[in-house]
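First to last, the protein sequences are chains A, B, C and D.
With this note's numbering applied, the first sequence covers 15 to 275.
With this note's numbering applied, the second sequence covers 15 to 275.
With this note's numbering applied, the third sequence covers 4 to 352.
With this note's numbering applied, the fourth sequence covers 4 to 352.
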Amino acid sequence: MSKKIWSWLALVFGILYFGLPLLGTLEFSLKMRRGVYSLDAYAAVLNDPQFRATFSYSVIMALFTIVLGVIIVVPTAYWVQLKYRRLRPFIEFITLLPLVIPPIVVVFGYIRLYNTSSWLPLTGSAMGTNILLMFGYATLSLPYMYRAVDTGLRAIDVRTLTEAAESLGANWLTIMTRVIMPNVLVAILSGAFLTFAIVIGEFVMAALLNRPAFGPYLQIMGANRAYEPAALAVIAFAITWACMGLIQLVTRFQKFSRVAR
Amino acid sequence: MSKKIWSWLALVFGILYFGLPLLGTLEFSLKMRRGVYSLDAYAAVLNDPQFRATFSYSVIMALFTIVLGVIIVVPTAYWVQLKYRRLRPFIEFITLLPLVIPPIVVVFGYIRLYNTSSWLPLTGSAMGTNILLMFGYATLSLPYMYRAVDTGLRAIDVRTLTEAAESLGANWLTIMTRVIMPNVLVAILSGAFLTFAIVIGEFVMAALLNRPAFGPYLQIMGANRAYEPAALAVIAFAITWACMGLIQLVTRFQKFSRVAR
Amino acid sequence: MAFLDLSNLQKFYGTNHVVKDFSIGIEKGEFISFLGPSGCGKTTTLRMVAGFEVPDQGAISIDGQDVVRLKPNQRNIGMVFQAYALFPNMTVAQNVGFGLKIAGKPKDQIAERVTEMLALVGLKDFGARYPFQLSGGQQQRVALARALAPSPQVLLLDEPLSALDAKIRVSLREEIRNIQRDLGITTIYVTHDQEEALSMSDRIVVMHDGIAEQIGEPFEIYNKPASRFVAEFVGTLNLIDATVEDSSTGRVKVAGQHLELGRSLEAVNGATVSLALRPETVRLGRIADGDQTLTGLVEEVSFLGSVVRIKVALGGNHIVLDTFNRTISKPPSIGDQIEVSFPSESVMI
Amino acid sequence: MAFLDLSNLQKFYGTNHVVKDFSIGIEKGEFISFLGPSGCGKTTTLRMVAGFEVPDQGAISIDGQDVVRLKPNQRNIGMVFQAYALFPNMTVAQNVGFGLKIAGKPKDQIAERVTEMLALVGLKDFGARYPFQLSGGQQQRVALARALAPSPQVLLLDEPLSALDAKIRVSLREEIRNIQRDLGITTIYVTHDQEEALSMSDRIVVMHDGIAEQIGEPFEIYNKPASRFVAEFVGTLNLIDATVEDSSTGRVKVAGQHLELGRSLEAVNGATVSLALRPETVRLGRIADGDQTLTGLVEEVSFLGSVVRIKVALGGNHIVLDTFNRTISKPPSIGDQIEVSFPSESVMI
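Given below as structure tokens:
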């Protein structure tokens, strides 16, 4: 009996813990026009060309980052599971590093290594800086991407599936594209989704590398306006929920999903 | 054959990806004195009273945050595993929210809810703001803490262990302290460690709530000095490594660790 | 009233009626098995006795005391789980002593009892080890010692052997039975393995679909099954179609050959009945004089080690018979024409 | 040279010598089992044939072609795994057709072959389902169909039944054997289950510690074991201490009673030898005239269903004997004095 009460209390507490700030933000974002609720703040935000520019920049960066992350993470995680199980703690440690190295350190390192007088002067051009930023983002999202893909791979028996496919005559590429990838698609998507959320909200790297991303824009708005940032936050939140919904949909439509999840 | 080469390439790439920026930072931090390597930057940082004040503030905040996190997360995760398995996807979703709601939103919400004219004017006093900040940190670290504890609990058979202890006459408190907690200690520690790293490096919340934390200090130094931030980054990195080493030690000394890990 | 009395137990999970009206009285010191396929309600019934599930209807009493309202930790019951469920953070000795420590016994008493229990399960020198250092069989023995240490009134075992290898399973079931007999502890043993139930139990409850299909001694369950389900679930069964020729004398025709069952049948003349025969009651060749014989062709011979299983075709029917391997003579070959015989009493209809 | 020829295979894992000098020639269409406890090297040997492990020494040839250098996907081998290893993202039909698709066969040919294979394993109407919608037994059948679809030269099965329930295990092993016989496909079957190996194989390789202890037909392996290890691993064994009284005639003394083994012994008079007897060769009572008899006390009676296992004490020795359950007569009770008999030929020393 007492257990039940406690657990429900915990649940309610958890919901309030996250729900209240969100509700507060939502309510505030509607109060731009004095005395009545209105969508004025949203209209102001959406009509701001700065918003459109920075937001689409960040979305594009996010997509590239996801592609890079998938290319790096999926084969690595696959081989670690297949052949180098002993390396797993080591690889896991590496993938956790971005959580404990502040982004500022990574950026300093990049600027140091790739400045205009270095052997690879990436910071010299906008495109080069974009690439650098993409690598930074990929680093930031690595823990999530790796964790997601690794969990997905663990759910299937990578080694036996690979051997089964090999004994049926499949080569490496076939195994990867027809057997492994389809079975970790949901995992990859959820990693991609987290990457997306991180890139959209990231501030430090974009600011230090001086790129027109959504994070710094959010920060500037937050410092200078009252209602618009609240509206922006709600919009950002809505986008991430939409992504989650999409993943749910994909999972539903995958007929073999009961195993793959 | 080609597989091996690829996987080693991936590995080397991974190490360079993280190793290089770190090495660059380390090398740069030693170059404060012109022409020779020296520890001048470190001396400057460690002698800065600001550094000591902000760092110890953040450490204390981190410790409180960890305690709060453990109290919230462990019983919740335990009950979800024991009785409310159906709620698990829902709870997992909630614990992932902090990853997708930018911290700025959370802080705005807090300020909105607990400002000096609200029913609970926490932001009116330094202590109140500290508490608010601690809750914010706990929110930020929730995904890591929950994930770690949940993984730890999954590794043991929570339900059967609980029933076994019950059939031997144990009550709820005994089960929690003698059976469950000792078996997820390493998991709790690794969650605590990540929490620590996050709190030490956090910038947005501390800055917006105007508390003298290490994150904003790092930011200020980064903007105004050249070598000190590099030294700070290396110090921060060393601390986190020391924490990791400690956890390894605990794991070693735990005699039954092969199961608990 | 029996020592452990379950009466009219019922349990629903949602709309799923898992246990429907289950009753049994168990005497002190009896070893009772609940035997049945998965989903038959046997584990749920056991968990109601342990207190992990609350019955929707019915009563459970131990030694005259109604326990339905008591929590699991107030019932004084020992439980052994399929997954061992040893506490990984405690040594073997701490595991075994856990219940006594909870009960607030003094340290030296606990130590003494732990030593005694470990000796009982043959793990005297293992007290200082951790569970992960033990094999599955050893872990399950520790779990047994732990359950027995606080001297519970009732011992419950939930498929304790099904995670173990075949050879260990056999040796451990003998050990469990011997310990149970020595201590005289009232025991309920849940299993889906008919051999375990038959070899260990004083009485067996064959469960099916939430109902006790038959309660009886192993010999009775096996040789006088109360229903077709019991007959098929416990042991193998040959089913042969036969045409009744004379229901009063029990003459039937199988694949053109006549059998005299020596008792009257309920079916009318000309009807088709199905005869049921255990493989081991059928013998190769004609042995005793009163036996019924049939002639057929050998269709399949499986050498299983101690037993050779021969499948004989009889027109459209098949009879499977078991015979012991004899070191000297090889079993018959496929295609041989052979005679099989069985006593008419062993035919179930 | 045999169709599938393994000669002098060796494999190290680090310093661990897992397979030590293993050789066997397997004829086309033969069903060979590798039988042994875990860690005996049987799976490693199989994996060397499949190409998943490279032998440190030795040769493997199929139909005269050396395959050691070939990759697994070049060997034309079908493999069935313990864990089924069906591709979860493909339907049953896509799984079965995978190998043919890889080989670049046209669509209609693939469809035809898939239908044929699914009919072979009795899953005609399951083509559109996904693996997670099947039971374990059905999944393993699909895995078998998938392995057979590209018409491999050799079929390898790695403990395919050990994840399944007892009843399904028995029916599926018959099915696998029948399919193998129909297709005439050369097959290696790895198992630790002696009953599986005995009932399915043309020949059995009993492995121990990286070495083939004995290669032979099931009847031979069981009744003429080449070593004590084989005798104990395959089947149950009674070991009785006896004192040699006359080694030339084979007279020995067991618990004060005399036995005439009817052949000369290697041990000297007065020495203690241990006699080995299979439980099923010992009978209750005195039956044939030439049999040896011993008198003892019934110590334990286990009713296992079709078989009743009786443990008889003979001084310090025990004999376990198996007898079939008879519907009519109850087995003897504990404490009864009984006579047991066995032919002297069945005694192994």
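For glycine and all other residues, C-beta sits at the position ideal for the given N, C-alpha and C.
By alpha-carbon distance to B/Tyr71, the top candidate from B/Val200, B/Ala252, B/Tyr98, B/Ile145 is B/Ile145. Spanning the alpha carbons of C/Gln156 and C/Thr194 requires a straight line of approximately 21 Å. Within chain B, the residues Thr174, Ala178 have their CB atoms less than 7 Å from the CB of C/Phe84, given in chain order. Using beta-carbon distances, A/Ser204 does not count as an interface residue toward chain D, since no partner is under 8 Å. For the segment 26-38 of chain C, the set of residues with a beta-carbon nearer than 7 Å to any beta-carbon of chain D is empty. Around D/Gly308, the same chain offers Asn328 as residues with beta carbons nearer than 8 Å, after the five sequence neighbours per side are excluded. Counting C-beta pairs with one atom in each stretch, the segment 201-218 of chain C and the segment 31-46 of chain C have three or more that are closer than 8 Å, which means they touch.
Considering only D/Leu159, D/Ile80, D/Ser344, the residue with the shortest C-alpha distance to D/Thr296 is D/Ser344. When rounded, the separation of the alpha-carbon atoms in C/Leu175 and C/Gly219 is 24 Å.
Using a CB distance cut-off of 8 Å, D/Gly44 does not count as an interface residue toward chain A. Assigned with DSSP and collapsed to three states, C/Ser277 falls in strand.
In summary, the residues of the segment 180-211 of chain C whose CB is separated from some CB of chain D by less than 7 Å are Gln197, Glu198, Leu201, Ser202, in the order they occur in the chain.
For C/Gly102, the chain B residues whose C-beta falls within less than 7 Å of its own C-beta are Leu182, Gly183, listed in chain order. Counting C-beta atoms within 10 angstroms of its own C-beta, A/Pro117 has 16 or more neighbours from the protein chains shown and is therefore classed as buried.
D/Ser165: not part of any alpha helix (DSSP H); DSSP gives it neither H nor E. With a threshold of 8 Å between beta carbons, D/Pro75 makes contact with chain A. By the beta-carbon neighbour count (other beta carbons within 10 angstroms, threshold 16), D/Ala122 is exposed. Taking the C-beta atoms as reference points, D/Phe101 is found no nearer than 8 Å to C/Phe306.
For the 8 Å CB-CB criterion, C/Leu49 and C/Phe25 do not form a contact.
The beta carbons of D/Asn226 and D/Ile322 sit no closer together than 8 Å. When DSSP states are grouped into helix, strand and coil, C/Ser202 belongs to the helix group. Annotation for C/Leu186: Leu151 place their beta carbon closer than 8 Å to its own, counting only its chain and skipping 5 residues before and after. Nearest to A/Leu77 by alpha-carbon distance, out of A/Phe210, A/Phe217, A/Ala245, is A/Phe210. If you draw a straight line from the Cα of D/Val21 to the Cα of B/Leu167, it is about 36 Å long.
Those residues of the segment 221-242 of chain D placed with their C-beta closer than 9 Å to a C-beta in chain C are Pro221, Phe222, Tyr225, Asn226, Lys227, Val237, Gly238, Thr239, ordered along the chain. For D/Leu317, the enclosing beta strand (DSSP E) begins and ends at 310-317. The three-state secondary structure of D/Lys45, taken from DSSP, is helix. At a cut-off of 8 Å between C-beta atoms, D/Phe6 does not count as an interface residue with respect to chain A.
No Cβ of chain C is located within less than 8 Å of the beta carbon of D/Leu164. Counting only runs of 3+ residues, no beta strand (DSSP E) is found wholly inside the segment 85-151 of chain C. Only those residues of the segment 275-294 of chain C whose C-beta falls short of 7 Å from the nearest C-beta of chain D are listed: Arg281, Pro282, Glu283, Thr284. Judged by DSSP in its simplified three-state form, A/Thr39 adopts helix. Under the 8 Å Cβ criterion, the segment 108-116 of chain D does not count as touching the segment 195-208 of chain A, having fewer than three qualifying pairs. For B/Val50, there is no enclosing alpha helix (DSSP H), as DSSP marks it with neither H nor E. Listed along the chain, the chain B residues whose CB falls inside 7 Å of the CB of C/Ile105 are Leu182, Gly183, Ala184, Thr188.
At the C-beta level, A/Leu101 and A/Arg173 stay beyond 8 Å of one another.
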